[in-house]
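*Asks:*
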Amino acid sequence: MLQYTDKLPAVVDSSGLFTEEQSQDLASLREEISEAWDNQVVWRTFTEANFSVLNNIKFPTPASKYHQATREQLVFYEQTILLSFDYREKQIDLAETLEKLEGSEGYEKQRLEVKRDRLLFEIEGMKIQAKDRIRELKMWSEIKSGLDDGSFDTKNKDTDELIHLTVRYCREASLIKGKTNDIGAVTNIVGQATTCLMECKRRGITGQLPPECHKVLRQIRDR
142 MLQYTDKLPA VVDSSGLFTE EQSQDLASLR EEISEAWDNQ VVWRTFTEAN
192 FSVLNNIKFP TPASKYHQAT REQLVFYEQT ILLSFDYREK QIDLAETLEK
242 LEGSEGYEKQ RLEVKRDRLL FEIEGMKIQA KDRIRELKMW SEIKSGLDDG
292 SFDTKNKDTD ELIHLTVRYC REASLIKGKT NDIGAVTNIV GQATTCLMEC
342 KRRGITGQLP PECHKVLRQI RDR
């Protein structure tokens, strides 16, 4: 349990918000809440990352999954750095508040005590966020390592992107069944699939496409 959260029951009781019975109920849940607090997953799990974020419709190839994993990792890295700035500011706010508390009294002192407790809780929350951000950064690294089989360019996303987009749009086009009122969406997907297929043909790389893409091309021609 993080140090400040050990003091939370007393802090909560002193607020005057809860009845004696409610305070007892909270106290009885302390161990359970402590475990949940320490083990919480703030962001995505390994399963979510692999099967929700890197799903086989939007990211159908190992290369596309790899480069999206890199993007996710970089976003998390940036947010981790920004969190460190916020943490430093909270520490300054806390130091200022503690300094002001020394010479305060009455309502001013009470307000500063509330501010101190809020800051301490926010700081502990930031520590939990930092812990989980590091976990997710490592998770994306593990995912990238599992995807990197040497068959694609890990440095330049554009190298394999045409194949990725062609397969993606073909899969989306294959999901169109029967009549639909959303003509704009159909036109967009079919247009993207057709354009990518024609460019693959122009570059002479249709052999790299899975059979489903050739099937979609025939369906488009028959429309």
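Here this note's numbering is used: the first residue of the sequence shown is 142, the next is one more, and so on. Glycine included, C-beta positions come from ideal geometry on N, C-alpha and C. Owing to the predicted nature of the structure, the values given are computational and were not obtained by experimental measurement.
State the start and end residues of the unbroken alpha helix (DSSP H) segment that holds residue 301.
*Replies:* No alpha helix (DSSP H) holds residue 301; DSSP gives it neither H nor E.
*Asks:* So the alpha helix (DSSP H) residue 318 belongs to, where does it begin and stop?
*Replies:* No alpha helix (DSSP H) holds residue 318; DSSP gives it neither H nor E.
*Asks:* Would you mind reading off the limits of the alpha helix (DSSP H) that contains residue 336?
*Replies:* 324-344
*Asks:* According to the Cβ coordinates, are residue 430 and residue 317 closer than 7 Å?
*Replies:* Lying before the first or after the last residue shown, residue 430 is absent from the chain, which here runs from 142 to 364.
*Asks:* According to the Cβ coordinates, are residue 224 and residue 270 closer than 7 Å?
*Replies:* yes
*Asks:* Mind checking residue 209: buried by the 16 CB within 10 Å criterion, or exposed?
*Replies:* buried
*Asks:* Sorted by chain position, which residues of the same chain lie with C-beta nearer than 8 Å to residue 282's C-beta, five sequence neighbours on each side aside?
*Replies:* 214
*Asks:* Would you tell me roughly how many angstroms separate the C-alpha atoms of residue 170 and residue 158, rounded to the nearest one?
*Replies:* 17 Å
*Asks:* Would you report the Cα separation of residue 114 and residue 338, rounded to the nearest angstrom?
*Replies:* In the structure displayed, the chain extends from 142 to 364; residue 114 sits before or after that span and is not available.
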